[in-house]
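Worksheet: the structure to be examined is printed underneath.
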RNA sequence: GGACGGGUGGGUGAGUGGCUAAAACCAGCAGACUGUAAAUCUGCCGCUCCUUGCGGGCUACGGAGGUUCGAAUCCUCCCCCGUCCA
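Numbering (the numbering used here), first residue to last: 11 to 319.
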């Protein structure tokens, strides 16, 4: 007996109220929440990544939050495996899984799957990174062009990060990465997916982002970073590249004044929101709602869509 | 009242006779992105027209005049800002 189960997906830019909406819906629909956010998977980085507090969660179970150590490399592939497991487990208990999505790539990896490509190899990457340092990004791009003409044409020569991955794949498999893409993607099976997108007016979103950064600071963001550093976690760990965390770390470690850096954090967050919007726009079958997830009418509309779906 | 310095496109700021709708940077907008994705990268960015061309027209470097074939760039006067002297 394998009836298609429902999976609710809530996506939207940062600060659009995804969590609030998810929690409201979970309360009414016997749901549990699954985070789909590349930063909230990391422990101890709480305030700046926008994790909901225990009080805000209202007793609803949250999954895939705080599942990685800050020095761990966590990837889309890792996310896909864990999320599929969580989904199965939640619906086996008769609950409705509600995904809150900030990271579009993770959502795609979960729903559409990933092609069967080798995982990253630190040795190869290290070597390639040294090459870039010595000879520049163009040099690396030429190496890629030799092994994978099609792939090289698709990747900008200065996009070192993607160039490295493509070379890595071709080295590991002996084939051009571009040839390996799009063959066997194992899409998620057995769920009826209902996607709800939050789309507040741009100006309001930006204002909300600016305010939220202030609120995070007021809530003790700086102290949080301080205690992370005191606990012995290295300041060069991946999680310290997250928006705001790098700036606050500079403030604490090198005494850079915090005040003038606040607008920078707000701006970086606004740009991030824009990139999320660009990604989500391409997502198929999304029921877009104009407004924030905190708004009652938006919550009511979302509920209707899910019940009807 | 006097002496300097300065007023440039949304912002900062280069440019000191033609190659300048005006560098660069920022902001903004749009986009790409299959194992770092809160990452990484790309394009556009005065207005307007079409036959979309390294096309045409218009407007633009505080204001008004002037010099010049040609001015953001030189001259005159005026207005404003800053610093200093009285």
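All C-beta atoms, glycine included, are put in the ideal place defined by N, C-alpha and C.
Being a predicted model, the structure only gives us computed values, none of them experimental.
Length-filtered (3 minimum) beta strand (DSSP E) runs lying within the segment 81-153: Whole beta strand (DSSP E) segments, 3+ residues: 106-111.
Kindly indicate which three-state DSSP category residue 24 falls into: helix, strand or coil? One-based indexing of the first chain puts residue 24 at position 14. Correct three-state label for residue 24: coil.
Have a look at the DSSP bridge pairing and note the partners of residue 43. Residue mapping note: residue 43 aligns to position 33 of the first chain, counting from 1. For residue 43, the pairing in a beta bridge is given by DSSP as 72, 108.
Residue span of the beta strand (DSSP E) that contains residue 202, given as start and end: Numbered from its first residue, the first chain carries residue 202 at position 192. 201-208 is the span of the beta strand (DSSP E), which, as asked, contains residue 202.
Proximity winner among 46, 312, 28, relative to residue 115 (alpha-carbon distances): Within the first chain, residue 115 is the residue found at index 105, counting from 1. Ranked by Cα distance from residue 115, the first of 46, 312, 28 is 46.
If you follow the alpha helix (DSSP H) that residue 263 is part of, which residue opens it and which one closes it? The count along the first chain starts at 1 and reaches residue 263 at position 253. Under the DSSP assignment, residue 263 falls in the alpha helix (DSSP H) whose first and last residues are 255-264.
Would you say the segment 117-129 touches the segment 84-98, given that touching needs at least three Cβ pairs under 8 Å? Output reads yes: the segment 84-98 touches the segment 117-129.
Apart from the five residues on each side of it in sequence, which residues of its chain come closer than 7 Å, Cβ to Cβ, to residue 61? On the first chain, position 51 is the one that residue 61 refers to. For residue 61, where only same-chain residues beyond five positions count, the Cβ hits under 7 Å are 50, 75.
By a C-beta neighbour count over all protein chains shown, 10 Å radius and 16 as the cutoff for buried, is residue 306 buried or exposed? For this step, residue 306 is matched to residue 296 along the first chain. Burial call: exposed.
Nearest candidate by alpha-carbon position, reference residue 188, set 127, 30, 142, 16: Position 178 of the first chain, counted from the start, is the residue given in the question as residue 188. Among 127, 30, 142, 16, the Cα nearest to that of residue 188 belongs to 127.
State the DSSP-derived secondary structure class of residue 282, mapped to helix, strand or coil. As a working note, residue 282 is residue 272 in the first chain. In the structure shown, residue 282 adopts helical secondary structure according to DSSP, grouped into three states.
Apply the 10 Å Cβ neighbour rule to residue 279 and answer buried if 16 or more other Cβ atoms are within range, or exposed otherwise. Taking the first chain and counting its residues from 1, the one referred to as residue 279 is at position 269. Under this definition residue 279 is a buried residue.
Of the residues 252, 293, 287, which one's Cα is nearest the Cα of residue 59? In the first chain, residue 59 corresponds to position 49, counting from 1. With distances taken between Cα atoms, residue 59 lies closest to 252.
Could you pull out every residue in the same chain whose Cβ sits closer than 7 Å to the Cβ of residue 244, ignoring the five residues on either side in sequence? Translated into positions along the first chain, residue 244 becomes position 234. Cβ neighbours of residue 244 beyond the five flanking positions: 81.
Residue 192 versus residue 124: straight-line alpha-carbon distance, rounded: Position 182 of the first chain, counting from 1, holds the residue named residue 192. Position 114 of the first chain, counting from 1, holds the residue named residue 124. Distance from the CA atom of residue 192 to the CA atom of residue 124, rounded to whole angstroms, is 9 Å.
Excluding sequence positions up to five away, which residues of its chain have a Cβ less than 8 Å from the Cβ of residue 40? Along the first chain, one-based indexing puts residue 40 at 30. Answer for residue 40: 104, 105, 106, listed in chain order.
Pop quiz: residue 18 and residue 111 are said to be a contact at Cβ under 8 Å. What is the actual Cβ separation, rounded to whole angstroms? Taking the first residue of the first chain as 1, we reach residue 18 at position 8. Taking the first residue of the first chain as 1, we reach residue 111 at position 101. With 8 Å as the limit, residue 18 and residue 111 do not qualify as a contact, their Cβ atoms being about 11 Å apart.
Among 163, 312, 284, whose alpha-carbon lies nearest the alpha-carbon of residue 205? In the first chain, residue 205 corresponds to position 195, counting from 1. Nearest in C-alpha terms to residue 205, of all of 163, 312, 284, is 312.
For residue 197, which residues in the same chain have their Cβ closer than 7 Å to its Cβ, ignoring the five residues on either side in sequence? Your numbering for residue 197 matches position 187 in the first chain. These residues qualify, in order along the chain: 121, 122, 123.
Buried versus exposed call for residue 210 [16 or more other C-beta atoms within 10 Å across all chains shown]: Numbered from its first residue, the first chain carries residue 210 at position 200. Burial call: buried.
Tell me whether residue 214 sits in a helix, a strand or coil according to DSSP, three-state version. Position 204 of the first chain, counted from the first residue, corresponds to residue 214. Of the three classes helix, strand and coil, the one that applies to residue 214 here is helix, per DSSP.
Beta-bridge pairing of residue 15 - partner residues as DSSP gives them: Locating residue 15 in the first chain gives position 5, counting from the first residue. Looking at the DSSP output, residue 15 shares a beta bridge with 201.
Please report the Cβ distance between residue 301 and residue 308, rounded to the nearest whole angstrom; I am assuming they are in contact, meaning their Cβ atoms lie under 8 Å. Residue mapping note: residue 301 aligns to position 291 of the first chain, counting from 1. Residue mapping note: residue 308 aligns to position 298 of the first chain, counting from 1. Residue 301 to residue 308, Cβ: 4 Å. Contact.
Would you report the Cα separation of residue 169 and residue 153, rounded to the nearest angstrom? Within the first chain, residue 169 is the residue found at index 159, counting from 1. Within the first chain, residue 153 is the residue found at index 143, counting from 1. Rounded to whole angstroms, residue 169 and residue 153 show a C-alpha spacing of 14 Å.
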